[in-house]
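Heads up, the thing below is written out as C-alpha cells.
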C-alpha cells in the first residue's frame, strides 16, 4: 500500500516529434492531471513531453523531468524539478518506474521501451493515438478517458 | 544557466544509522532548506535521510526520495515524491546528480560515493560531522552554515 | 567502424520460462554463435538465457551474463563472465547495448523492452517464435537464419 | 560461493591522465592479471585504463571495457569486449560490481566513487600510488603485491 503522504505521480510518454493532434492531446492530459492534483513525470525533453508539461504547469501542477543527459538546461521550460540522469536509455526505466501509471501519446521505440517496463512492473498503461501493439496496454480515445482510467487504476491498488 | 522555472534542489546525504547529533543536524538542515524554498532530495530511506526529510516536510518543504529498490513503500514517511529506481547503488549517482549542491551529515561509503560523484560533476559539497576526507569537499560546522553555503554556491553559477 | 580487436558480441534474449521448442532453439542459437566465433551476451538467468548459454558454452564459446541483481551466484552455470549490475530493469538496457545485434526467442515484456532499446540504438533485431509485433524487428524461421542474418547485419556496418 | 565456471574478474581503475609511473604500474598490473589467468575489467577509456588493458592484452589476457558513453569506438584499442553503457557515471557502479576485487592506480574523484562502491559491496580494494584516503582500502607498494593480494582476497571468500 502506498503511504498516505506520497503524491500521485502519473507519467506521460511519447514522441519528441508528435503530430499536431498528439501535441494537443498531450497538453490536455497534462492539464487534466494538474486539475486532479497529480504530479506529472515525463522524460523532460520536447514534443509530447513538453506539451504535457506545459499543460500541467499552466494548470498549476508540478512537473518532474527525468532527462537522459546530465545537463539540466536540456529540460523543456515547463519542468519544475529536473533529474539529469546522464543514464541515456536507462532513463526510460526511471520514467516508467517513477510513474504509478503511464499514458502514452503516439510514440515510437523509446516509448515502447517505457510501455514494456511499465507493464512488466505492474503499472497500468494507457495508449492514445498509438500504433504500438502491446498486450496489456489499454487503448483509450480521449485525454479525459486516459486520465480518469489512470487515476482509477491506482485506486484499485497498484503497490509498486 | 539554470532555466528560471526550475526549482532549487539540494541533496542531503548520510548514514542510515547516524548518531543522535547527526539526526538532529540533519533535521535542522531539512528545516532550513524548506524555509529557504528549496526542494530536498535524499536517498529516501532512514537515518539522516529520514531526519532531513522530516525536518523539511514539517517546515512545509517538498521532499524527493530516490530509492535504491523498486518498492515505493520502502520510502520514509516524509517523502512526497518517490523515485523507486530499482538501480541499487546506481541510485547514488542519481541522488548526486539530482541535487544542485550536496550536504553530507556523517556518512560512510555510500555517502562517499555520492560526494565523489557530486564533486566530479561540478557540484558544491559540504560536510557536517564527517570523517570523510575528500579534496574539494568543504567542512562546515553547523546546519545553518551548510545551507547558507550551499545556496550561495548555486548563485555563483553551478550549471550542471 | 568497430575497432579490429573488439569481439563480435551477439545478444540472445527471451523468456525465463519458454516452451520446450524455445529452449531447443535458444540452445541452437548459442551453439551456432560459438561456432561463428561470436561472444554471447544474455541476461544471465534461466530459460532462454540459460539454454543459449549452455549451447554456446558446450560449443566452446564465451558467455557473458548481465544480471539484474547484484549477486553473481544468481547467474546460470554456463556464464563465464558475470556482470552483477544490481540495476533491475536497467540491466535490460545494458544487455541491448552490449549486443551488436539481438536475437529474441519467444519472450514477453522484458524482452520487448530490450527489442525496443536495441532497435532504438540502431541494432538489428531478429525474432524467433515470437508474438511480439515491433516495427523494424525481423521475423526469422530458424536458429541458423537468425545467426546468419545477425552476423550479416554487422558486416553491413553497425557502428553503435 | 562463486560457481566454478565463472572466471576471476579483477578491476583496474584510475586516472585517465596518470603520471608516467602510473602508466607503467598499470601496465604491469594488467600483465600480471593476464599471467594469473584473470579477466581484466576497466572503464574502457585512456590513461590507467588503457595501460592496464594493453599490459593484459599483450600477455594474452581477456579485457572488458565498460564505457560511460554509448559509442563502442570510444574504447581503447586493447579492449576485447566492449560494454557501451551510455550510463555516464552509472558506469562506475558497473565497473566496481563487475570486478571481484579492485586495484586503483593513482586516480581522482571518479576512481574514488568506484573505490567507495567496491568497499560498500564487500570487495577488496587495493591502492597503488594513491592519494585517496578511504577506510578499508589497502595501500600496497607494487603491482605484484596488488595482484597477489587481490587474488588472495578472492580465495578468502568474496561472494558478492
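Residue numbers (our numbering), protein chains in the order written: chain A, 1 to 160; chain B, 1 to 160; chain C, 1 to 160; chain D, 1 to 160. Ideal Cβ placement from N, Cα and C applies to all residues, glycine included. Keep in mind it's a predicted model, so treat the numbers as computed, not measured.
Around residue 110(A), no beta-carbon contact reaches into chain D at under 7 Å, the shortest distance being about 13 Å. Residue 52(A) is a Cβ neighbour of residue 30(A), given a cutoff of 8 Å.
The alpha carbon of residue 43(D) has as its nearest neighbour, out of 24(D), 10(D), 149(D), 146(D), the alpha carbon of 10(D). Your pair residue 7(B) and residue 39(B) checks out as a contact, with CB atoms roughly 5 Å apart and the cut at 8 Å.
Around the Cβ of residue 110(B), a 10 Å sphere holds 16 or more other Cβ atoms; the residue is buried.
Assignment of residue 82(C) by DSSP, reduced to helix, strand and coil, places it in the strand class.
Cβ proximity to chain C below 8 Å picks out nothing from the segment 20-49 of chain B.
Across the set 108(B), 93(B), 75(B), 59(B), the C-alpha of 59(B) shows the shortest separation from the C-alpha of residue 32(B). Under the rule that a run must span 4 or more residues, the alpha helix (DSSP H) segments found entirely inside the segment 23-74 of chain A read 48-58.
For residue 125(C), the nearest beta carbon of chain A is not closer than 8 Å to its own beta carbon. Under the Cβ criterion of 8 Å, residue 151(A) is not counted among the residues facing chain B. Interface flag for residue 93(A) against chain C is set, since a Cβ pair is found closer than 8 Å. Taking the C-beta atoms as reference points, residue 127(C) is found nearer than 8 Å to residue 104(C). According to the DSSP assignment, residue 116(A) belongs to the alpha helix (DSSP H) that extends over 109-120. For residue 124(C), the enclosing beta strand (DSSP E) begins and ends at 124-128. Residues of the segment 125-145 of chain D whose Cβ lies closer than 9 Å to any Cβ of chain B, in chain order: 131, 132, 133, 134, 135, 136.
Contacts with chain C at 8 Å (Cβ-Cβ) include residue 5(D). Going by DSSP, residue 139(D) is part of the beta strand (DSSP E) stretching over 138-140.
Residue contact check for residue 15(B) against chain D: no CB pair falls below 8 Å. Within the model, the alpha-carbon separation for residue 50(D) versus residue 63(C) is close to 24 Å.
The alpha-carbon separation between residue 96(C) and residue 89(C) amounts to approximately 11 Å. Judged by their CB atoms, residue 94(A) and residue 66(A) are nearer to each other than the 8 Å cut-off. Residues of the segment 78-103 of chain C with a C-beta less than 8 Å from any C-beta of chain B: 85, 86, 87, 88, 89, 90, listed in chain order. Each residue's CA atom was taken as its position, placing residue 21(D) and residue 85(C) some 32 Å apart. With respect to residue 116(A), residue 99(C) sits apart: the two C-beta atoms are not nearer than 8 Å. Any Cβ of chain B closer than 8 Å to the Cβ of residue 148(A) would place that residue at the interface, and such an atom is absent. With 16 or more other CB atoms across the displayed protein chains lying within 10 angstroms of its CB, residue 118(B) is buried.
Under the three-state reduction of DSSP, residue 102(D) is assigned to strand. Pairing residue 28(D) with residue 143(D), the inter-Cα distance amounts to about 6 Å.
Scanning chain B for C-beta atoms nearer than 9 Å to the C-beta of residue 64(A) yields 64, 81, 83, reported in chain order. Residue 41(C) has its alpha-carbon roughly 21 Å from the corresponding atom of residue 45(D).
Distances from the alpha-carbon of residue 19(B) to those of 106(B), 122(B), 75(B), 83(B) put 106(B) closest. Residue state for residue 14(A) is assigned as strand, using DSSP reduced to three classes.
CA-to-CA, the gap between residue 23(D) and residue 71(D) works out to about 24 Å. Partner residues in the beta bridge of residue 9(B), as assigned by DSSP, are 39(B). The distance from the Cβ of residue 138(C) to that of residue 125(C) is about 7 Å, consistent with a contact at the 8 Å cut-off.
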